[in-house]
Amino acid sequence: MKVLGVIPSRWGSERFPGKPLAMIAGKPLLQWVIEGSKKSQRLDQLIVATDNEKIRQLAESLSIEVAMTSSELPTGSDRVWAAAKDRDFTHIINIQGDEPLVDGETIDKLVTAFDSDPQLEMATLAKKMNPIDLQTDTTAKIVLNHEGNAIYFSRFPIPYSRDQSASERGVSLKHIGLYAYEKSFLKKYCSVGPTPLELSEGLEQLRALYLGAKIRVIQVEHESWGVDRPEDIERVENLLRGQNG
């Protein structure tokens, strides 16, 4: 197995333009993602895929190779494929560029899913839900089958519970935005374009379920909070302060 880590990082976020260079506790968001990803022991190479010159300059200043990609690509995974398709790797890790709390150990746990199941096409991460996560539409929720594979992802609190919250019952999990793909499956995934469920929820991983893929979900304890809007920065800085002391 030869593993490429790709951080897709675009400038033109609808909710937060210029997000990759937004300052978080004294460093740009993208720098946090790069530094955490560099700690992985399972990545054979780490690159940034972007459509912006300022992002390219930041990544290269941190000694990271950059693949320039089109600004018209519909999702992060499509950007990852554009950067990875001509490279000689068997597995591709999509390390989302808005996850400043990512760390190398978490990436490595994701890669291990393929050690135990060589036929696996895709894997992702999740952790236990808390009440704040359950109620926000910026957090994707997951429900699993008995094998630990994803049944569905939604921004809506799932599953519906008649008597108590799903978080209290431990049924619903918070999705963490890292994906691992077997390379030929990522090619198939990107060849079909966005699908109806994906467009409805605004969750690209639903494309894989639409295609009938088995998505293994690895549960972790590591805290994560993606930066989707400017107000998320304060939450991330509070989490960083908690980690550091």
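Heads up: the sequence shown is residues 98 to 342, going by this note's numbering.
Even for Gly, the Cβ is constructed at its ideal location relative to N, Cα and C.
This structure is a prediction, so every number in the text was calculated from the model and none was measured.
May I have the straight-line CA-CA distance separating residue 102 from residue 206, to the nearest angstrom? Looking up residue 102 in the sequence shown gives position 5. Looking up residue 206 in the sequence shown gives position 109. Roughly 14 Å separates the two Cα atoms.
Close Cβ partners of residue 294 (< 7 Å) along its chain, the five nearest in sequence each way excluded: Residue 294 sits at position 197 when you count from the first residue of the sequence shown. The residues are 303 and 307.
Using CA coordinates, which residue listed in 305, 170 and 226 is at the minimum distance from residue 246? For this step, residue 246 is matched to residue 149 along the sequence shown. Residue 246 has its Cα closest to that of 305, out of 305, 170 and 226.
Cβ distance (whole Å) where residue 156 is taken to contact residue 180 below 8 Å: Position 59 of the sequence shown, counted from the first residue, corresponds to residue 156. Position 83 of the sequence shown, counted from the first residue, corresponds to residue 180. The Cβ separation is near 12 Å, so there is no contact.
Counted within 10 angstroms of its Cβ, other Cβ atoms place residue 217 as buried (16 or more) or exposed: Within the sequence shown, numbered from 1, the residue matching residue 217 stands at position 120. Buried.
Would you report the Cα separation of residue 254 and residue 166, rounded to the nearest angstrom? Locating residue 254 in the sequence shown gives position 157, counting from the first residue. Locating residue 166 in the sequence shown gives position 69, counting from the first residue. Using only the alpha carbons, I get a separation of about 34 Å.
Along the chain, where does the beta strand (DSSP E) containing residue 317 start, and where does it finish? Reading the sequence shown from its first residue, position 220 is the one you call residue 317. Unbroken run through residue 317: none, as it is neither H nor E.
Taking the CB atoms as reference points, tell me whether residue 204 and residue 146 lie closer together than 8 Å. For the purposes of this step, residue 204 is identified with residue 107 of the sequence shown, where counting begins at 1. For the purposes of this step, residue 146 is identified with residue 49 of the sequence shown, where counting begins at 1. Cβ atoms of residue 204 and residue 146: not closer than 8 Å.
Under the three-state reduction of DSSP, which class applies to residue 139: helix, strand or coil? Within the sequence shown, numbered from 1, the residue matching residue 139 stands at position 42. Of the three classes helix, strand and coil, the one that applies to residue 139 here is coil, per DSSP.
Would the beta-carbon of residue 159 fall within 8 Å of that of residue 128? Translated into positions along the sequence shown, residue 159 becomes position 62. Translated into positions along the sequence shown, residue 128 becomes position 31. Cβ atoms of residue 159 and residue 128: closer than 8 Å.
Does DSSP put residue 309 in a helix, in a strand, or in coil? As a first step, residue 309 is located in the sequence shown; it is residue number 212 there, counting from the start. The answer is coil: DSSP assigns residue 309 none of H, G, I, E or B.
In chain order, which alpha helix (DSSP H) runs of at least 4 residues are fully inside the stretch 162-206? 173-181
Along the chain, where does the alpha helix (DSSP H) that runs through residue 293 open and close? Residue 293 sits at position 196 when you count from the first residue of the sequence shown. Per DSSP, residue 293 belongs to the alpha helix (DSSP H) from 293-298.
What residue does the beta strand (DSSP E) around residue 270 start on, and which one ends it? Within the sequence shown, numbered from 1, the residue matching residue 270 stands at position 173. Residues 270-279.
Taking residue 115 as part of the beta strand (DSSP E), name the residues at either end of that continuous run. The sequence position of residue 115 within the sequence shown is 18, counting from 1. Run containing residue 115: none; DSSP gives neither H nor E here.
Which same chain residues, not among the five before or five after residue 248, have their C-beta less than 7 Å away from its C-beta? Position 151 of the sequence shown holds residue 248. Cβ neighbours of residue 248 beyond the five flanking positions: 240, 241 and 242.
Looking at C-alpha atoms only, which residue of 322, 250 and 138 is the closest neighbour of residue 299? Residue 299 sits at position 202 when you count from the first residue of the sequence shown. Measuring from the Cα of residue 299, the nearest candidate turns out to be 250.
Can the beta-carbon of residue 210 be found closer than 8 Å to that of residue 277? Here residue 210 corresponds to residue number 113 of the sequence shown, with the count starting at 1. Here residue 277 corresponds to residue number 180 of the sequence shown, with the count starting at 1. The answer is yes: Cβ separation under 8 Å.
For residue 284 and residue 329, the rounded distance between their alpha carbons: Here the question's residue 329 lines up with position 232 in the sequence shown. Here the question's residue 284 lines up with position 187 in the sequence shown. Their backbone Cα atoms lie some 32 Å apart in a straight line.
Same chain, Cβ closer than 8 Å to residue 290, neighbours up to 5 away in sequence not counted: The sequence position of residue 290 within the sequence shown is 193, counting from 1. Cβ within range, chain order: 171.
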